[in-house]
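In mature numbering (1 follows the signal peptide of the UniProt record, and there is no 0), the protein residues as written are -29 to -1, 1 to 124.
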């Protein structure tokens, strides 16, 4: 069995807050990396009161993602506005005149920030067709003509 005592010589080692932060951030990503938006939010048209879901995926995945509406930073979920932000996804619970506009997700790291391409959310007019709320576009293809007659001269 080993016996003995440990004594401190000089000052006790200290770990600064900056070192802890750098060590923690290093576990998540290289501090010299600038984030990248890998999936952009898509523009959509929705009826008044409809739900809109805008998605944004970034690399590295644990990067802080915020959203802008018409260039102004949203300070997180806003019950009064009807906007919920969670894990890079923005949900407009009931689209209205206050929630239409240009949305961008913004990914931030110590080395820099990057914003997505703007996604425009607009209210549908009564005559305009609706796009799905997640921004996917339905494409209809015209049918091929059934009359295959050809004339030769």
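By construction, the Cβ of each residue, glycine as well, lies at the ideal position given by its N, Cα and C atoms.
Closest in C-alpha terms to residue 27, from the list 65, 57 and 92, comes 57. Annotated three-state conformation of residue 7 is strand, per DSSP. Assignment of beta-bridge partners to residue 26 by DSSP yields 60. Excluding residues up to 5 positions away in sequence, 22, 53, 54 and 55 lie with their Cβ nearer than 8 Å to the Cβ of residue 64 in the same chain. Residue 34 sits in coil when the DSSP states are folded into three classes, being neither helix nor strand.
With the rule of 3 Cβ pairs closer than 8 Å, the segment 41 to 52 does not count as touching the segment 10 to 18.
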